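A.B. asks: Before I ask anything, let me first share the structure, which is written out below as structure tokens.
Numbering (the numbering used here), first residue to last: 269 to 575.
Here is the structure:
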């Protein structure tokens, strides 16, 4: 019964929480199907389902051994953003030049499979469920259910992209693709910690992937334990102050499902709610973010204070 239960859980997560975040994170690859046949979207979704089911089975059988570290995911996000920008440039060129050449037979399913390398926060949560299942069948079931739950939203986006590519609105669609590509590159840079961002900006709100930072609230009082809420708009408070050179505890709680529900901190991914215990840190600032790099937060370690 466990595979059936996990399949239903994954399906519910995909329908309720994963559709919006996966569409935002992975939808840019659909711009690579402009000018393709009507079956291309279905092939894209089939490739995505196959890749996720195989990955879920491997995660269930092998556990966290095959998980990608945060810097690798950040590089993949940047590469995906560049790919989307190339798709957009091709769309602009086609509007001015010759009609598109015949599509490659495996292009759509391969693009669908490539979405596995661009996991949203909810996807990472499902991957951790697959890991904890300890079973290849159960892991494949939860990931397959999740993909099926998110497929309607991606299918709708795919058909919209195809229709727009055949009208005068193709330029608008290509412009949207440019925005998606830039946003994806920014998210990758943010996830890798390669964007110049400061703790002061975390209290002003905004998304790090677009040049700002997320989270709101002031600086918490200095203590060895702090509670941080993951909300639909980021982490609150966006900055917490903790004593340096002493072990500290961060208690992450959630108020809404979404990207912020999985946090990348100190080189590991943590599904929330969770308690993260950090070893003694030197004075300075520790940056963390959601799994997509959209919402960062900061832990400021200061010397000479204690609870």
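Ideal placement from N, C-alpha and C gives every residue a C-beta, glycine not left out.
Just so you know, these numbers come straight off a predicted model, no measurement behind them.
Are at least three pairs of beta-carbons, each pair with one atom in the stretch 314-328 and one in the stretch 374-381, less than 8 Å apart?
C.D. replies: The stretch 314-328, when compared against the stretch 374-381, does touch it at the 8 Å Cβ threshold.
A.B. asks: Evaluate residue 489 with the Cβ neighbour count: other Cβ atoms within 10 Å of its Cβ, from every protein chain shown; 16 or more gives buried, anything less gives exposed.
C.D. replies: Any reading at residue 489 needs caution, since the residue's pLDDT is 48, under 50, leaving its predicted position unreliable; the model's value is listed next. Its Cβ having fewer than 16 others within 10 Å, residue 489 is exposed.
A.B. asks: By how many angstroms is the C-alpha of residue 448 removed from the C-alpha of residue 409?
C.D. replies: If you take the alpha carbons of residue 409 and residue 448, they lie about 30 Å apart.
A.B. asks: My understanding is that residue 278 touches residue 412, with C-beta atoms under 8 Å, so please give their C-beta distance in whole angstroms.
C.D. replies: Rounded, the Cβ-Cβ distance is 7 Å, consistent with contact.
A.B. asks: Report buried or exposed for residue 387, applying the criterion of at least 16 other Cβ atoms within 10 angstroms of its Cβ.
C.D. replies: So residue 387 ends up on the buried side.
A.B. asks: Could you give the DSSP three-state label for residue 460: helix, strand or coil?
C.D. replies: Reduced to three states, the DSSP call for residue 460 is coil.
A.B. asks: Does the Cβ of residue 481 have 16 or more other Cβ atoms within 10 Å, making it buried, or fewer, making it exposed?
C.D. replies: Confidence is the limiting factor: at residue 481 the pLDDT is only 36, short of 50, which leaves the residue's position unreliable and the question unanswerable from this model.
A.B. asks: Put residue 320 into one of helix, strand or coil per three-state DSSP.
C.D. replies: Here residue 320 sits in helix by DSSP.
A.B. asks: Does the Cβ-Cβ distance between residue 415 and residue 320 come in under 8 Å?
C.D. replies: Yes, the pair counts as a contact, with Cβ atoms nearer than the cut-off.
A.B. asks: Tell me the residue span of the alpha helix (DSSP H) that contains residue 391.
C.D. replies: First-last of the alpha helix (DSSP H) with residue 391: 389-401.
A.B. asks: With DSSP as the reference, identify every bridge partner of residue 558, one or two as the case may be.
C.D. replies: Beta-bridge pairing links residue 558 to 531.
A.B. asks: What first and last residue would you give for the alpha helix (DSSP H) that runs through residue 383?
C.D. replies: No alpha helix (DSSP H) holds residue 383; DSSP gives it neither H nor E.
A.B. asks: Given this structure, state the Cα-to-Cα distance separating residue 574 from residue 510, to the nearest angstrom.
C.D. replies: Low per-residue confidence applies at residue 574: pLDDT is 48, beneath 50, and the placement is therefore not dependable, though the value from the model is reported in the following sentence. Distance between the alpha carbons of residue 574 and residue 510: 8 Å.
A.B. asks: On the three-pair Cβ rule with 8 Å, is the stretch 542-552 touching the stretch 512-519?
C.D. replies: Touching, per the Cβ criterion.
A.B. asks: Which word fits residue 395, buried or exposed, when buried means at least 16 other C-beta atoms lie within 10 angstroms of its C-beta?
C.D. replies: By the neighbour-count rule (16 or more Cβ atoms within 10 Å), residue 395 is buried.
A.B. asks: Using the C-alpha atoms, what's the distance from residue 508 back to residue 347?
C.D. replies: Their Cα atoms are separated by approximately 32 Å.
A.B. asks: Residue 571 by DSSP, collapsed to three states: which one?
C.D. replies: In the structure shown, residue 571 sits in coil (DSSP, three-state: anything other than H, G, I, E or B).
A.B. asks: Between which two residues does the alpha helix (DSSP H) containing residue 275 stretch?
C.D. replies: Unbroken alpha helix (DSSP H) run through residue 275: 270-281.
A.B. asks: Can you grab the Cα-Cα spacing for the pair residue 475 / residue 562, in whole Å?
C.D. replies: In this prediction, residue 475 scores a pLDDT of 42, lower than 50, which makes its location untrustworthy; no coordinate-derived value is stated.
A.B. asks: Our contact map puts residue 404 next to residue 325 with C-beta atoms below 8 Å; I'd like the distance itself, whole angstroms only.
C.D. replies: That belief holds up - the Cβ atoms of residue 404 and residue 325 are roughly 4 Å apart, short of 8 Å.
A.B. asks: Thinking just about the alpha-carbon of each residue, which of 567, 322, 311, 504 is nearest to the one in residue 534?
C.D. replies: The shortest Cα separation from residue 534 among 567, 322, 311, 504 belongs to 567.
A.B. asks: To the nearest angstrom, how far is the alpha carbon of residue 385 from that of residue 494?
C.D. replies: Distance between the alpha carbons of residue 385 and residue 494: 33 Å.
A.B. asks: Give me, in chain order, the residues of the same chain whose beta-carbon lies closer than 8 Å to that of residue 275; leave out the 5 immediate sequence neighbours on both sides.
C.D. replies: Only 409, 410, 412, 413 meet the Cβ criterion.
A.B. asks: Might you give, ordered along the chain, the residues of its own chain that have their beta carbon closer than 7 Å to the beta carbon of residue 293, omitting 5 neighbours on each side?
C.D. replies: Excluding sequence neighbours, residue 293 sits near 386, 388, 560.
A.B. asks: Tell whether a beta-carbon distance below 8 Å holds between residue 406 and residue 271.
C.D. replies: Contact: yes.
A.B. asks: Apart from the five residues just before and just after residue 353, which ones in its own chain have a Cβ nearer than 7 Å to its Cβ?
C.D. replies: 446, 449.
A.B. asks: Quick one: measure Cβ to Cβ for residue 565 and residue 506, integer angstroms, because I've assumed they're closer than 8 Å.
C.D. replies: Indeed they touch by this definition, with Cβ atoms about 5 Å apart.
A.B. asks: Within this structure, are the beta carbons of residue 297 and residue 429 separated by less than 8 Å?
C.D. replies: In this structure, residue 429 does not lie closer than 8 Å to residue 297 by Cβ.
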